[in-house]
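If you count the sequence shown from 1, position 41 lands on 42 in this note's numbering, and the numbers rise without skipping. The beta carbon of each residue, even a glycine, is placed where N, CA and C say it ideally should be. One structure is given here, and the rest of the page talks about it.
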Amino acid sequence: MLSSTCTAAVRGLSTTAQLSKINNVTVIGAGLMGSGIAQVSANAKLNVTVVDSNQSALDKAQKGITSSLQRVAKKKHADDAAAQTALVSSVLDRIKMSTNVSDSVKDADLVIEAIVENIDIKRKLFAEVEAAAKPTTLITTNTSSLRLADIGLNLKDKTRFGGLHFFNPVPMMKLLEVVRHNDTSDATFEQLIEYGKTVGKTTVACKDTPGFIVNRLLVPYMFEALRLYERGDASMPDIDVAMKLGAGYPMGPFELSDYVGLDTCKFIMDGWHKQYPDEVAFKPSPLLDSLVDAGKTGRKSGEGFYKYK
């Protein structure tokens, strides 16, 4: 058995290892969120590997990141074409693309998962990541609706697991919710906060609660607007106008729901309702369910609460 002095020394070494500087970041998932996370990480002079099982998704991500960087460069160096090119090249040089998860996480200091919101797929991915990564690698999820405790249920070392919830579009949105569950170590949490600051985000700390901070307030707000309409208390346009002009919101709740995607709103609320069936704020909406069933999911489908050209 270790003496108390030896035990303290071992803990000290462990904390030091976890607080080592993050240089190599692996982002798993090449969608809009993954691409944005990769861009801001590389822009902060970190080495980034983007992983996706679909090569076409990686190609699309490469083009998307390049276009986004070109817009940033043009805004920053409006009258200097050479400086624009240099900025784009310097960031792209720090980004690699891969279809192999195990190879891509071997040297990672931080792994950020940004794949589909399916808990079984996430658990399978994290098992592969943990088996291939270094024992000091920080493992995180960008989930917006699932509980970290559920996602990381089968991880052998839960102390290195946390949440980094970015907002879309990542390069423009300044907020980063840094989430800890019951087993997240202080060292891991501090390092995740530091990473957030490194990539230029304002960080807020939150516990492993449904929706964290923003979505926990925002999603029930959108559903309360739905209930207001379903009761016949006000029309959708009037509710949207009221919240824009009365509360100063950039979009009303129905406009926002269409922008987010009605299927996404339904997915989030269905999950919360299943976990907390007695919570009134998590009660599903019959109108929303019928629209999603009809394929009317908002802006992306051309119709949701409103019609779009």
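Residues of its chain near residue i, where Cβ-Cβ distance is below 8 Å and the 5 sequence neighbours each way are ignored
{"i": "residue 108", "result": "25, 135"}
{"i": "residue 263", "result": "289, 292, 293, 297, 298, 299, 305, 306"}
{"i": "residue 46", "result": "95"}
{"i": "residue 251", "result": "245"}
{"i": "residue 240", "result": "226, 229, 230, 253, 254, 255"}
{"i": "residue 75", "result": "85"}
{"i": "residue 126", "result": "29, 102, 114, 116"}
{"i": "residue 214", "result": "178, 205, 207"}
Alpha-carbon to alpha-carbon, residue j and residue i
{"i": "residue 221", "j": "residue 186", "result": "31 Å"}
{"i": "residue 219", "j": "residue 83", "result": "43 Å"}
{"i": "residue 129", "j": "residue 147", "result": "20 Å"}
{"i": "residue 7", "j": "residue 137", "result": "Confidence is the limiting factor: at residue 7 the pLDDT is only 45, short of 50, which leaves the residue's position unreliable, though a coordinate-based value still follows. Going by the C-alpha atoms only, they are around 20 Å apart."}
{"i": "residue 18", "j": "residue 111", "result": "The predicted model places residue 18 with a pLDDT of 43, which falls under 50 and marks its position as unreliable; any figure quoted below should be read in that light. Residue 18 and residue 111: Cα-Cα distance of roughly 13 Å."}
{"i": "residue 117", "j": "residue 247", "result": "36 Å"}
{"i": "residue 308", "j": "residue 56", "result": "34 Å"}
{"i": "residue 278", "j": "residue 284", "result": "8 Å"}
{"i": "residue 35", "j": "residue 167", "result": "10 Å"}
{"i": "residue 40", "j": "residue 89", "result": "10 Å"}
{"i": "residue 96", "j": "residue 115", "result": "16 Å"}
{"i": "residue 149", "j": "residue 42", "result": "22 Å"}
{"i": "residue 44", "j": "residue 228", "result": "43 Å"}
{"i": "residue 295", "j": "residue 301", "result": "14 Å"}
{"i": "residue 38", "j": "residue 226", "result": "32 Å"}
{"i": "residue 69", "j": "residue 199", "result": "20 Å"}
{"i": "residue 1", "j": "residue 143", "result": "The requested residue 1 does not occur in the structure, where the chain is confined to residues 2 to 310."}
{"i": "residue 257", "j": "residue 100", "result": "34 Å"}
{"i": "residue 311", "j": "residue 77", "result": "Outside the displayed span of the chain (2 to 310) sits residue 311, for which this structure offers no information."}
{"i": "residue 183", "j": "residue 191", "result": "15 Å"}
{"i": "residue 145", "j": "residue 235", "result": "30 Å"}
{"i": "residue 92", "j": "residue 287", "result": "47 Å"}
{"i": "residue 87", "j": "residue 170", "result": "23 Å"}
{"i": "residue 280", "j": "residue 163", "result": "26 Å"}
{"i": "residue 81", "j": "residue 172", "result": "22 Å"}
{"i": "residue 54", "j": "residue 60", "result": "12 Å"}
{"i": "residue 268", "j": "residue 276", "result": "13 Å"}
Contact check, residue i vs residue j, beta carbons under 9 Å
{"i": "residue 303", "j": "residue 260", "result": "no"}
{"i": "residue 140", "j": "residue 124", "result": "no"}
{"i": "residue 207", "j": "residue 232", "result": "no"}
{"i": "residue 159", "j": "residue 177", "result": "no"}
{"i": "residue 113", "j": "residue 33", "result": "no"}
{"i": "residue 23", "j": "residue 195", "result": "yes"}
{"i": "residue 52", "j": "residue 79", "result": "no"}
{"i": "residue 197", "j": "residue 204", "result": "yes"}
{"i": "residue 1", "j": "residue 242", "result": "Here the chain comprises residues numbered 2 to 310, so residue 1 is not present and cannot be evaluated."}
{"i": "residue 151", "j": "residue 122", "result": "no"}
{"i": "residue 156", "j": "residue 179", "result": "no"}
Assumed close pair residue i, residue j - CB separation to whole angstroms, cut-off 8 Å
{"i": "residue 223", "j": "residue 266", "result": "6 Å"}
{"i": "residue 28", "j": "residue 49", "result": "6 Å"}
Residues bridged to residue i (per DSSP)
{"i": "residue 103", "result": "In the DSSP output, where bridge partners are listed per residue, residue 103 has none listed."}
{"i": "residue 166", "result": "178"}
{"i": "residue 139", "result": "111"}
{"i": "residue 48", "result": "25"}
{"i": "residue 203", "result": "176"}
{"i": "residue 299", "result": "304"}
{"i": "residue 97", "result": "50"}
{"i": "residue 208", "result": "181"}
Beta carbon proximity, residue i to chain C, threshold 9 Å
{"i": "residue 139", "result": "In the structure shown, chain C does not exist; there is a single protein chain."}
Contact set for residue i: own chain, Cβ-Cβ below 7 Å, skip 5 residues either direction
{"i": "residue 63", "result": "98"}
{"i": "residue 270", "result": "220, 224, 283, 285"}
{"i": "residue 103", "result": "129, 133"}
{"i": "residue 217", "result": "210, 211"}
Beta-carbon contacts of residue i that lie in its chain and below 6 Å, excluding the five residues immediately before and after
{"i": "residue 174", "result": "168"}
{"i": "residue 273", "result": "211, 283"}
{"i": "residue 58", "result": "31"}
{"i": "residue 11", "result": "Residue placement at residue 11 cannot be trusted, given a pLDDT of 41 that sits under 50; the coordinates are not used to answer."}
{"i": "residue 105", "result": "27, 50, 52, 99"}
Heavy atom of the ligand NAP within 8 Å of residue i beta-carbon
{"i": "residue 174", "result": "The ligand NAP is absent from the structure shown, which contains no ligands of any kind."}
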